[in-house]
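Chains A and B, in that order, give the protein sequences. Everything in the first sequence is counted per the numbering used here, starting at 96 for the first residue and increasing by one. Everything in the second sequence is counted per the numbering used here, starting at 47 for the first residue and increasing by one. Idealized CB from N, CA, C, for every residue including glycine. Let me begin by presenting the structure, written as structure tokens, before commenting on it.
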Amino acid sequence: TMLGVVTCDAAVAPELWTQMVKRASVASFNSITVDGDTSTNDCVIGLASGAAGNALVTDPNSADAKLLDSAVTALMQGLAKSIAWDGEGATCLLEIEVKGARSDDDARIIARSVAGSSLAKSAFFGHDPNWGRIAAAAGYSGIIFDQEDLGVQLGSMKLMEAGQPLAFDKATANKYLKDTCAKHGTVQVLVTVGKGPGKGMAWGCDLSYDYVKINAEYTT
Amino acid sequence: KALLMDAECFTIPAAPDLIPEGPWKKVAGGVCAAQGFKATGAHAGLRASGKKADLALVVADAPATAAGTFTQNVMCAAPVLYCKDVLKRNQKIKAVLTNAGQANAATGTLGYEDAVATAKALAAALGCSTDEIMLQSTGVIGRRMKMENFIPAIPEIAKTLGASTEDAHRAAVAITTTDLVSKEAALQVQIGGKTVHVGGMCKGSGMIHPNMA
Numbered sequence: 096t097m098l099g100v101v102t103c104d105a106a107v108a109p110e111l112w113t114q115m116v117k118r119a120s121v122a123s124f125n126s127i128t129v130d131g132d133t134s135t136n137d138c139v140i141g142l143a144s145g146a147a148g149n150a151l152v153t154d155p156n157s158a159d160a161k162l163l164d165s166a167v168t169a170l171m172q173g174l175a176k177s178i179a180w181d182g183e184g185a186t187c188l189l190e191i192e193v194k195g196a197r198s199d200d201d202a203r204i205i206a207r208s209v210a211g212s213s214l215a216k217s218a219f220f221g222h223d224p225n226w227g228r229i230a231a232a233a234g235y236s237g238i239i240f241d242q243e244d245l246g247v248q249l250g251s252m253k254l255m256e257a258g259q260p261l262a263f264d265k266a267t268a269n270k271y272l273k274d275t276c277a278k279h280g281t282v283q284v285l286v287t288v289g290k291g292p293g294k295g296m297a298w299g300c301d302l303s304y305d306y307v308k309i310n311a312e313y314t315t
Numbered sequence: 047k048a049l050l051m052d053a054e055c056f057t058i059p060a061a062p063d064l065i066p067e068g069p070w071k072k073v074a075g076g077v078c079a080a081q082g083f084k085a086t087g088a089h090a091g092l093r094a095s096g097k098k099a100d101l102a103l104v105v106a107d108a109p110a111t112a113a114g115t116f117t118q119n120v121m122c123a124a125p126v127l128y129c130k131d132v133l134k135r136n137q138k139i140k141a142v143l144t145n146a147g148q149a150n151a152a153t154g155t156l157g158y159e160d161a162v163a164t165a166k167a168l169a170a171a172l173g174c175s176t177d178e179i180m181l182q183s184t185g186v187i188g189r190r191m192k193m194e195n196f197i198p199a200i201p202e203i204a205k206t207l208g209a210s211t212e213d214a215h216r217a218a219v220a221i222t223t224t225d226l227v228s229k230e231a232a233l234q235v236q237i238g239g240k241t242v243h244v245g246g247m248c249k250g251s252g253m254i255h256p257n258m259a
């Protein structure tokens with residue numbers, strides 16, 4: 096289960112605040128996955144006191160509204176990423192970025208599909224730069240793209256381009272994963288699916304033996 | 047049963063800073079960074095075992111503009127049903143009460159009545175309406191909350207509210223379950239020539255695939 100409480104001292108119109116909290120929740124908590132299980136209790140509550148003394152923000156297109164919106168989203172993304180970082184049994188945070196999709200929503204769906212793939216997550220735990228599992232998870236996301244447009248990059252290393260696997264240095268890629276997991280750092284994956292304007296992010300973690308151990312002992 | 051607020055109730059490390067860079071400044075304070083809010087956390091004996099804090103409270107000095115996003119899981123927990131019901135009627139909220147230990151999910155009518163009872167106890171303690179209370183629960187699914195410990199703890203925890211970074215931290219620890227770190231953050235940004243703060247805390251480690259709206 097994830098729970099969140101967000102407080103803000105800006106004066107902001109109720110409808111606008113509702114939209115900000117919803118947008119930020121989608122771009123943050125709805126963009127993480129640890130184990131694919133949606134909880135019965137997930138909830139984010141946002142409270143705005145108005146105590147900062149600013150003029151009431153009412154226009155969603157105003158610079159103030161956009162800045163506040165981006166700050167709320169950034170805060171929630173930071174918090175959401177900390178959940179993925181702390182996923183049960185995790186040794187690393189996975190940050191999946193997708194570019195070239197038809198829309199931002201499409202990109203986010205593809206990114207989350209990769210972040211949630213048990214096979215890809217297991218490969219990351221085993222420090223295996225398994226581009227095939229990443230490609231497969233992008234492919235079954237439900238978003239249509241041309242497989243000849245697929246690119247996969249791990250850290251700074253291109254593993255696949257234009258739908259073709261590349262002759263990358265497997266030892267270097269393996270070391271990147273091993274070193275990142277050793278310090279519980281962030282493994283970065285870039286997936287390109289075309290030349291569209293859509294881009295999106297999702298976050299997850301690797302899947303280790305400890306995940307099963309923790310949940311085998313946690314009733315129900 | 048007295049509340050415990052010993053240091054050992056709150057000793058877990060903090061999560062790393064993972065907030066993206068932008069036109070804001072990262073500050074301390076968690077949910078108390080924003081003006082107009084107080085928070086607290088304590089051990090009320092709600093968990094199955096151990097002394098880790100398990101009851102958190104965030105209170106607005108005056109009813110605050112509220113918004114919520116909730117799981118779309120059909121089998122949503124009693125506090126989720128309660129909050130959605132309250133927000134249909136009222137968008138000004140005074141307090142958020144969170145317990146760890148039992149999720150109060152799949153607990154049926156009795157679980158919902160437990161949730162209402164905690165809201166009533168908190169409304170009485172704060173001198174506000176139950177329609178100004180939000181509830182959150184996390185922990186084991188299918189078990190009822192330990193009401194014999196929960197209800198007496200509510201007026202007591204309300205007496206421990208504060209607006210410091212430490213108060214916010216106690217709240218952030220009290221909502222954790224299998225989390226290995228506490229998760230809180232705050233930002234400062236200029237809006238309309240005024241300094242505005244956005245603060246927050248969250249919890250989560252397993253059963254994580256949120257789909258909220």
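Which residues DSSP lists as bridging residue i, in chain order
{"i": "residue 299/A", "result": "189/A"}
{"i": "residue 166/B", "result": "Answer by DSSP bridge pairing: none, since residue 166/B is not bridged."}
{"i": "residue 229/A", "result": "Paired residue(s): none; residue 229/A is not in a bridge."}
{"i": "residue 145/B", "result": "101/B and 183/B"}
{"i": "residue 102/A", "result": "142/A and 245/B"}
{"i": "residue 287/A", "result": "194/A and 246/A"}
{"i": "residue 230/B", "result": "247/B"}
{"i": "residue 72/B", "result": "233/B"}
{"i": "residue 60/B", "result": "228/B"}
{"i": "residue 127/A", "result": "298/A"}
Interface residues of chain A facing residue i [CB-CB closer than 7 Å]
{"i": "residue 80/B", "result": "102, 103, 104 and 144"}
{"i": "residue 173/B", "result": "What residue 173/B touches in chain A: nothing, since even the nearest Cβ is about 18 Å away."}
{"i": "residue 196/B", "result": "Residues of chain A passing the Cβ test: none, with the nearest at roughly 16 Å."}
{"i": "residue 137/B", "result": "109"}
Contacts around residue i, its chain only, beta-carbon distance under 6 Å, and the 5 residues preceding and following it disregarded
{"i": "residue 220/A", "result": "301, 302 and 303"}
{"i": "residue 225/A", "result": "218"}
{"i": "residue 128/B", "result": "161 and 181"}
{"i": "residue 271/A", "result": "250"}
Under 9 Å from the C-beta of residue i: neighbouring residues of chain A
{"i": "residue 248/B", "result": "97, 98, 99, 100, 101, 124, 139, 171, 174, 175, 177 and 178"}
{"i": "residue 126/B", "result": "135, 136, 137 and 138"}
Residue from the options whose Cα sits closest to the Cα of residue i
{"i": "residue 236/B", "options": "186/B, 157/B and 69/B", "result": "69/B"}
{"i": "residue 253/B", "options": "178/A, 281/A, 123/A and 100/A", "result": "178/A"}
{"i": "residue 221/B", "options": "138/B, 136/B, 90/B and 65/B", "result": "90/B"}
{"i": "residue 232/B", "options": "157/A, 139/A, 173/A and 205/A", "result": "173/A"}
{"i": "residue 140/B", "options": "141/A, 111/A and 199/A", "result": "141/A"}
{"i": "residue 40/A", "options": "248/A, 274/A and 273/A", "result": "Chain A is shown only over 96 to 315; residue 40/A falls outside these bounds and no answer can be derived."}
{"i": "residue 213/A", "options": "131/A, 112/A and 97/A", "result": "131/A"}
{"i": "residue 238/B", "options": "163/A, 242/A, 128/A and 193/A", "result": "163/A"}
{"i": "residue 258/A", "options": "234/A, 252/A, 295/A and 279/A", "result": "234/A"}
{"i": "residue 206/A", "options": "265/A, 122/A, 157/A and 101/A", "result": "122/A"}
Chain-ordered neighbours of residue i on chain A, where CB pairs are closer than 8 Å
{"i": "residue 62/B", "result": "177 and 180"}
{"i": "residue 260/B", "result": "Because chain B spans 47 through 259 in this model, residue 260/B falls outside it and cannot be assessed."}
{"i": "residue 183/B", "result": "136"}
Under 9 Å by beta carbon: chain B residues contacting residue i
{"i": "residue 163/A", "result": "235, 237, 242 and 244"}
{"i": "residue 128/A", "result": "254, 255 and 256"}
{"i": "residue 317/A", "result": "Outside the shown range of chain A, which is 96 to 315, sits residue 317/A, and nothing can be said about it."}
Host beta strand (DSSP E) of residue i (start-end)
{"i": "residue 116/B", "result": "101 to 116"}
{"i": "residue 254/A", "result": "252 to 256"}
Contact set for residue i: own chain, Cβ-Cβ below 8 Å, skip 5 residues either direction
{"i": "residue 276/A", "result": "186, 187, 219, 220, 222, 282 and 301"}
7 Å Cβ cut-off: residues of chain B touching residue i
{"i": "residue 113/A", "result": "113"}
Contacts that residue i makes with chain B (C-beta to C-beta distance below 8 Å)
{"i": "residue 117/A", "result": "113, 115 and 259"}
Extent of the continuous alpha helix (DSSP H) run through residue i
{"i": "residue 309/A", "result": "304 to 311"}
{"i": "residue 113/A", "result": "109 to 122"}
{"i": "residue 220/A", "result": "213 to 220"}
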